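There are 2 protein chains.
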Amino acid sequence: MKFTEIKLFAPATIANIACGFDVMGCCLESVGDTMVIRKTDDKGIRIKAITGGSLPFEPEKNVAGVAIMAMLSDLKREPDFGFELEINKKIKPGSGIGSSAASAAGAVFGANELMGRPYNRHELVKFAAEGERAACGSPIADNVAPALLGGFTLVQSADPIKILELPSISGLYATVIHPQIEIKTSLSRDILPQQVALKDAVKQWANVGALVHALHENDSALFAESLQDHIVEPHRSKLIPRFDEVKKKAIEAGALGGGISGSGPSIFTFSKTLQIAEKVANTIEKIYDETTIPFHLYVSRINETGVKILSIK
Amino acid sequence: MKFTEIKLFAPATIANIACGFDVMGCCLESVGDTMVIRKTDDKGIRIKAITGGSLPFEPEKNVAGVAIMAMLSDLKREPDFGFELEINKKIKPGSGIGSSAASAAGAVFGANELMGRPYNRHELVKFAAEGERAACGSPIADNVAPALLGGFTLVQSADPIKILELPSISGLYATVIHPQIEIKTSLSRDILPQQVALKDAVKQWANVGALVHALHENDSALFAESLQDHIVEPHRSKLIPRFDEVKKKAIEAGALGGGISGSGPSIFTFSKTLQIAEKVANTIEKIYDETTIPFHLYVSRINETGVKILSIK
Chain A
1 MKFTEIKLFA
11 PATIANIACG
21 FDVMGCCLES
31 VGDTMVIRKT
41 DDKGIRIKAI
51 TGGSLPFEPE
61 KNVAGVAIMA
71 MLSDLKREPD
81 FGFELEINKK
91 IKPGSGIGSS
101 AASAAGAVFG
111 ANELMGRPYN
121 RHELVKFAAE
131 GERAACGSPI
141 ADNVAPALLG
151 GFTLVQSADP
161 IKILELPSIS
171 GLYATVIHPQ
181 IEIKTSLSRD
191 ILPQQVALKD
201 AVKQWANVGA
211 LVHALHENDS
221 ALFAESLQDH
231 IVEPHRSKLI
241 PRFDEVKKKA
251 IEAGALGGGI
261 SGSGPSIFTF
271 SKTLQIAEKV
281 ANTIEKIYDE
291 TTIPFHLYVS
301 RINETGVKIL
311 SIK
Chain B
1001 MKFTEIKLFA
1011 PATIANIACG
1021 FDVMGCCLES
1031 VGDTMVIRKT
1041 DDKGIRIKAI
1051 TGGSLPFEPE
1061 KNVAGVAIMA
1071 MLSDLKREPD
1081 FGFELEINKK
1091 IKPGSGIGSS
1101 AASAAGAVFG
1111 ANELMGRPYN
1121 RHELVKFAAE
1131 GERAACGSPI
1141 ADNVAPALLG
1151 GFTLVQSADP
1161 IKILELPSIS
1171 GLYATVIHPQ
1181 IEIKTSLSRD
1191 ILPQQVALKD
1201 AVKQWANVGA
1211 LVHALHENDS
1221 ALFAESLQDH
1231 IVEPHRSKLI
1241 PRFDEVKKKA
1251 IEAGALGGGI
1261 SGSGPSIFTF
1271 SKTLQIAEKV
1281 ANTIEKIYDE
1291 TTIPFHLYVS
1301 RINETGVKIL
1311 SIK
């Protein structure tokens, strides 16, 4: 059976999970964009509609277009049809929860389905990462990997891209606040130290090892202990209003831990149950209600599968 | 039943497993010291005999004595007897495969058994680490943990000491060469960089995550890929003659990977089978036969249980 149109859910993702800076991410269940991808008789890529965000319509400037182009140029033989995209952004660009990654991951996933699935989900990661190049300047995989594969992922190698799929803590929920402030990417990058103390790096990789072990053992207490970042968070958290208070009070309310999602400004926390995750959300809401900063607040299960097909015909 | 004498095997250990510098170690099956610990009517600790090495007989200067003293001082009530130790060193001090750790681990393990086991193996780690303080100047746990617990261990936290027990790759063998050269501890320490590039640290913790995942998945190919050290090995390997050649040719002979054990000069490699481990040993032997440096060469299974009781009466 040949399909001509696919509608899908392209999930938001948390990257830079505490000690796993630049390597660990996870996928959200109930936060994400929807996209429609349609075969067209004309070859090439056309972005027909974008709602919910102001993004370029030129395929070569849009992460979704760039990602599909990267995939097409890898094929031995290009398909004899083109693609038309409708993108409904729910994830705000610049939020730190993988807005561009969702577009890139959804685009390559959908186009791959319409072509009869020449690639598996792992193979799609590198094309989606090329889409990220359009948004971030480099083909980073730490958001597109969980967006495509679901659950928790580890970027074992960035060049060439190699991704490991990790197990999840069962029943885990994330509470994420996106304070609507703009942090310039250049500032967020420049604030990072180029050099770090060896003793801090040792602590960080001990925690990464403990975090991976905790996921395999489904050990939420160890997971909580290992959610520490001695290297990046102390610098970047200065750019996020009330960060320390949000994290501290979230943990007091029962969260296992948290940190900065991506390069911010979103703050993520993890909780063992929906009930705790909602209590954490209330706690965080109160803190941000005291400011004049508008914000979005999300409570979501971890999405174990990544991009999802909503309908296909 | 009350016991009065225990004879045990105190294993050698590999610490600083590649990317897991300062945190990951593993225990060897067929390399280690033997110790006899005996109850005495007189209180206190007496070291009656030391064979195979020139080490202090004063308990407060000997790692075995210091470790037992640390344990005794933690007890609510000291036992109404003392301990007499005979230590037969097979692991040469300064070899980098946990000579002092074996003495410390064996001592606390044996004394604990004779006292009716007031502590479990995990609790013994901190006392054995206190023994290490006598040898190394600080209470490090990366050798005593695998010596007491067996298999692969991760020092999740050095202060307070918290150890995680990791699964092993099934059927794994280690080939270890101990070139009998002296590397001054101060030189081995001073050659380490105090600061490391963030991008190298990221690579290192990606590999630590991959290594822990590989152990859980029993994935020897991934285990091999993750046995990399971008931070310490480039510096310390300069102190070990023919290091690069040994590692390269060992891998060509079938080893999964390797590195510097502890702070050297021993070089470890891992192989999937005994046959490969022996081939690797032959390869390494040939390289060192070309030098004038005397050496010991070991092939050993991974020891899954740590210190072993040989006899108790």
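Chains as they are written, first to last, in the numbering used here: chain A, 1 to 313; chain B, 1001 to 1313.
Cβ coordinates follow ideal geometry from the N, Cα and C atoms, glycine included.
Since the structure is predicted, the reported quantities are computational estimates derived from the model, not experimental observations.
When you compare each of the options to residue i by their alpha carbons, which one comes out closest?
| i | options | result |
| --- | --- | --- |
| I87 of chain A | A:S100, A:P79, A:G96 | A:S100 |
| K2 of chain A | A:A18, A:A111, A:T153 | A:A111 |
| E225 of chain A | A:G209, A:L239, A:H235 | A:G209 |
| L1215 of chain B | B:T1153, B:T1185, B:A1135 | B:T1153 |
| A1145 of chain B | B:V1280, B:E1304, B:I1312 | B:E1304 |
| L55 of chain A | A:N143, A:A250, A:A135 | A:A135 |
| A1105 of chain B | B:I1231, B:I1293, B:A1012, B:V1196 | B:A1012 |
| I293 of chain A | A:M24, A:I181, A:N16 | A:I181 |
| T1273 of chain B | B:T1175, B:L1239, B:Q1195, B:S1186 | B:T1175 |
| G1094 of chain B | B:F1270, B:K1279, B:S1263, B:V1023 | B:S1263 |
| P1167 of chain B | B:K1286, B:A1010, B:M1024 | B:M1024 |
| P139 of chain A | A:R117, A:I17, A:K162 | A:K162 |
| N143 of chain A | A:E278, A:F21, A:F270, A:S271 | A:F21 |
| K184 of chain A | A:G96, A:G116, A:A206 | A:G96 |
| E165 of chain A | B:V1212, B:I1050, B:I1037, B:K1308 | B:V1212 |
| A70 of chain A | A:F9, A:G116, A:A107 | A:A107 |
| L1114 of chain B | B:I1037, B:A1010, B:C1026 | B:I1037 |
Return yes when the Cβ of residue j is within less than 8 Å of the Cβ of residue i, no when it is not.
| i | j | result |
| --- | --- | --- |
| I1260 of chain B | E1290 of chain B | no |
| K1092 of chain B | L1310 of chain B | no |
| A102 of chain A | A147 of chain A | yes |
| Q1156 of chain B | C1019 of chain B | no |
| G1306 of chain B | G1131 of chain B | no |
| G258 of chain A | I267 of chain A | yes |
| D200 of chain A | H230 of chain A | yes |
| D1235 of chain B | P1265 of chain B | The sequence as given places His at residue 1235 of chain B; Asp does not occur at that position. No, the Cβ-Cβ distance between H1235 of chain B and P1265 of chain B is not below 8 Å. |
| S1186 of chain B | L1239 of chain B | no |
| K313 of chain A | T4 of chain A | yes |
| W205 of chain A | Q1204 of chain B | yes |
| A197 of chain A | G98 of chain A | no |
Got a sec? Which residues, its chain only, sit under 6 Å from residue i by beta carbon, not counting five neighbours each side?
| i | result |
| --- | --- |
| F57 of chain A | I47 |
| I1177 of chain B | I1267, I1284, F1295, L1297 |
| K1089 of chain B | D1033, G1052, G1053 |
| R1121 of chain B | L1148, L1149 |
| K1249 of chain B | T1283 |
| R133 of chain A | P139 |
| Y1288 of chain B | F1295 |
| A1049 of chain B | E1086 |
| N1207 of chain B | C1019, S1226, Q1228 |
Using a Cβ cut-off of 8 Å (strictly closer), state whether residue i contacts chain A.
| i | result |
| --- | --- |
| P1234 of chain B | no |
| S966 of chain B | Nothing about residue 966 of chain B can be read from this structure; chain B reaches only from 1001 to 1313. |
| L1192 of chain B | yes |
| V1202 of chain B | yes |
| A1206 of chain B | yes |
| V1212 of chain B | yes |
| L1166 of chain B | yes |
| L1154 of chain B | yes |
Any beta carbon of chain B sitting closer than 8 Å to that of residue i?
| i | result |
| --- | --- |
| D22 of chain A | yes |
| G209 of chain A | yes |
| P160 of chain A | no |
| Q125 of chain A | One detail in the question is off: residue 125 of chain A reads as Val in this sequence, not Gln. No, its Cβ sits nowhere closer than 8 Å to a Cβ of chain B. |
| V196 of chain A | yes |
| H216 of chain A | yes |
Spatial neighbours of residue i within its chain, please: CB distance less than 8 Å, with the 5 preceding and 5 following residues excluded, ordered by chain position.
| i | result |
| --- | --- |
| I276 of chain A | Y173, A253, G254, A255 |
| G116 of chain A | K2 |
Quick one: residues in its chain with C-beta nearer than 7 Å to the C-beta of residue i, no 5 flanking neighbours on either side, listed in chain order?
| i | result |
| --- | --- |
| I1169 of chain B | L1215, N1218, S1220, F1223 |
| P118 of chain A | L75, N112 |
| S1271 of chain B | Y1173, T1175, G1254, A1255, L1256, A1277, V1280 |
| A1129 of chain B | P1139, I1140, A1141, V1144, I1161 |
| F1109 of chain B | L1008, L1124, L1148, V1307 |
Could you check whether the Cβ of residue i sits closer than 7 Å to any heavy atom belonging to the ligand SAM?
| i | result |
| --- | --- |
| S1220 of chain B | Looking for the ligand SAM in the displayed structure turns up nothing, as the structure carries no ligands at all. |
Checking contacts by CB at 8 Å: is residue i closer than that to chain E?
| i | result |
| --- | --- |
| M1071 of chain B | In the structure shown, chain E cannot be found, because the protein chains are A and B. |
Quiz item: Does the pairing of the region 297–312 of chain A with the region 26–36 of chain A give three or more beta-carbon distances under 8 Å?
Solution: yes
Quiz item: Quick check: the region 1036–1050 of chain B against the region 1066–1084 of chain B, are there 3 or more CB pairs under 8 Å?
Solution: yes
Quiz item: Contact between the region 62–81 of chain A and the region 233–253 of chain A: three or more CB pairs below 8 Å?
Solution: no
Quiz item: Taking one C-beta from the region 114–125 of chain A and one from the region 57–66 of chain A each time, how about it: are there three or more such pairs within less than 8 Å?
Solution: no
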